[in-house]
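Protein chains in written order, with UniProt numbering: chain A, 1 to 133; chain B, 1 to 133. See structure below.
Number of protein chains: 2
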Amino acid sequence: MRDAAEALGAKFQAWQAAAFDETRCPVRNLLDRIGDRWSTLLLANLASGPQRFSALARAVPDISKRMLTQTLRTLETDGFVHRDVQPTVPPSVTYSLTPLGRSFATPLLGLVEWAEANFADVCAARARMAEAA
Amino acid sequence: MRDAAEALGAKFQAWQAAAFDETRCPVRNLLDRIGDRWSTLLLANLASGPQRFSALARAVPDISKRMLTQTLRTLETDGFVHRDVQPTVPPSVTYSLTPLGRSFATPLLGLVEWAEANFADVCAARARMAEAA
DNA sequence: CTGAATCCTATGCGATACTG
DNA sequence: CAGTATCGCATAGGATTCAG
């Protein structure tokens with residue numbers, strides 16, 4: 001197969017010739033959603049199984065309740081997670097990945113693995129630039 | 001091989017037990033950088049070959065000069081792109097992917113392909129939620 | 001042509017307090 | 001427990017102008 005960079009480049013050249021409208025471009029649309037600080041973290045945590053609201057809050061200690069709710073709502077409307085409310089007292093709400101959400105684990109895992117493998121190189125590059133300045 | 005969601009979940013469970021410090025977590029660090037509106041777009045455009053500043057500005061019509069410069073600088077300090085300045089008059093600056101930047105094309109392509117393949121499903125989910133409200 | 005500098009606005013996000 | 005409502009700040013990022 002061709003080099004990934006070539007394939008990626010070709011793809012974008014084809015796009016910008018035709019429809020580069022940000023509302024229609026799937027990639028820009030996706031990145032505008034899951035490109036925030038929390039979406040990917042929550043998806044990664046939900047990948048290990050359904051979790052309750054408070055469990056997610058503990059798993060991602062530095063998220064506020066506000067952002068946890070908001071991010072989960074966005075992920076729900078985009079079809080990544082399913083929200084299951086048990087009408088008990090006190091209420092119990094369980095979040096889980098939908099099939100769509102699970103399928104997203106594949107590209108996300110690719111990103112995570114790249115980050116792990118190349119983080120040292122990125123840090124080295126930063127150190128070089130810092131020293132040059 | 002195991003399911004990607006399982007692998008992703010296991011990875012994050014192992015992490016949050018140990019070092020979930022955002023300054024050290026490679027994934028959070030990476031996403032804080034290329035999770036913005038422009039980084040991935042520029043990387044994708046550079047994937048098709050070296051480009052000059054003005055060519056990139058044309059390729060991504062809705063980026064301001066300010067953000068184009070700033071984003072390219074960040075990508076440069078992180079070792080994704082190389083900046084080649086020709087000291088002519090007027091100056092000519094060419095940006096190209098480093099080997100690190102090229103290697104990132106692989107996971108990015110995975111993300112792009114997922115977005116293309118599943119965008120319709122995401123839109124359908126949004127439509128369902130909009131109608132339910 | 002490739003920026004740097006300045007100004008301004010929009011909004012992401014945290015903190016806190018309240019509710020069923 | 002699982003939110004909602006309100007406030008306020010810090011930052012992303014556009015528009016414009018200046019410079020080498």
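The beta-carbon is built from N, C-alpha and C at its ideal position, and this holds for glycine as well.
Taking residue i as the reference, which of the options has the closest Cα?
i                 : options                                 : result
Cys123 of chain B : A:Arg2, A:Trp38 and A:Leu30             : A:Leu30
Thr74 of chain B  : B:Leu42, B:Val27 and B:Gln51            : B:Leu42
Thr98 of chain A  : A:Asp78, A:Arg128 and A:Ile34           : A:Asp78
Asp32 of chain B  : A:Ala115, A:Ala120 and A:Ala125         : A:Ala115
Phe53 of chain A  : A:Val93, A:Asp62 and A:Thr106           : A:Val93
Trp38 of chain B  : B:Met67, B:Phe104, B:Ala132 and B:Asp84 : B:Met67
Tyr95 of chain B  : B:Ala55, B:Thr40 and B:Trp15            : B:Ala55
Asn118 of chain B : A:Ala10, A:Pro26, A:Trp15 and A:Gly9    : A:Pro26
Gln16 of chain A  : B:Asp121, B:Ser48, B:Trp15 and B:Ile34  : B:Ser48
Asp121 of chain A : B:Gly9, B:Phe104 and B:Ala130           : B:Phe104
Lys11 of chain B  : A:Lys11, A:Gly9, A:Glu113 and A:Arg128  : A:Glu113
Checking the sheet assignment: what are the DSSP bridge partners for residue i?
i                : result
Ser92 of chain A : A:Gln86
Gln51 of chain B : B:Tyr95
Val81 of chain A : A:Leu97
Identify, in the order they occur along the chain, each residue of the same chain with its Cβ nearer than 6 Å to the Cβ of residue i, setting aside the five sequence neighbours on each side.
i                 : result
Pro101 of chain A : First, the amino acid is wrong: residue 101 of chain A is Gly here, not Pro. Phe80 and Val81.
Glu22 of chain B  : Since pLDDT at Glu22 of chain B reaches only 49, below the 50 mark, its modelled position is unreliable, and the value read off the structure follows with that caveat. The answer, listed in chain order, is Arg28.
Under 8 Å Cβ to Cβ from residue i, same chain only, skipping five residues before and after it: list those, please.
i                      : result
Asp36 of chain B       : Thr71
Val60 of chain A       : Trp38, Leu41, Leu42, Asn45 and Leu68
Lys65 of chain B       : Ala57
Ala132 of chain B      : none
Ala125 of chain B      : none
residue 134 of chain B : Any question about residue 134 of chain B goes unanswered here, given that chain B covers just 1 to 133.
Excluding five sequence neighbours on each side, which residues of the same chain lie with their C-beta closer than 7 Å to the C-beta of residue i?
i                : result
Glu76 of chain B : Arg83
Pro91 of chain A : Val85
Pro50 of chain B : Thr94, Tyr95 and Ser96
Asp62 of chain B : none
Ile34 of chain B : Thr40
### Message
Along the stretch 102-123 of chain B, where does the CB come closer than 7 Å to a CB of chain A? Name the residues.
### Response
The stretch 102-123 of chain B vs chain A, Cβ under 7 Å: Arg102, Ser103, Phe104, Ala105, Thr106, Pro107, Leu108, Leu109, Gly110, Leu111, Val112, Trp114, Ala115, Glu116, Asn118, Phe119, Asp121 and Val122.
#### Entry: contact_flag[the stretch 1-17 of chain A, the stretch 103-121 of chain B] where n(CB pairs < 8 Å) is 3 or more
In short, these stretches touch, since the Cβ pair count reaches three.
### Task
Please name the residues in the stretch 29-54 of chain A whose beta-carbon is closer than 9 Å to at least one beta-carbon of chain B, in chain order.
Per Cβ criterion, the list reads Asn29, Leu30, Leu31, Asp32, Arg33, Ile34, Gly35, Asp36, Arg37, Thr40, Leu41, Leu43, Ala44, Asn45, Leu46, Ala47, Ser48 and Gly49.
### Message
Closer than 9 Å between beta carbons: that is the criterion. Which residues of the stretch 73-93 of chain A meet it against chain B?
### Response
Within the stretch 73-93 of chain A, the qualifying residues are Glu76, Thr77, Asp78, Gly79 and Phe80.
### Message
Taking beta-carbon pairs under 8 Å, can you tell me which members of the stretch 1-18 of chain B lie near chain A?
### Response
Residues Asp3, Ala4, Ala5, Glu6, Ala7, Leu8, Gly9, Ala10, Lys11, Phe12, Gln13 and Gln16.
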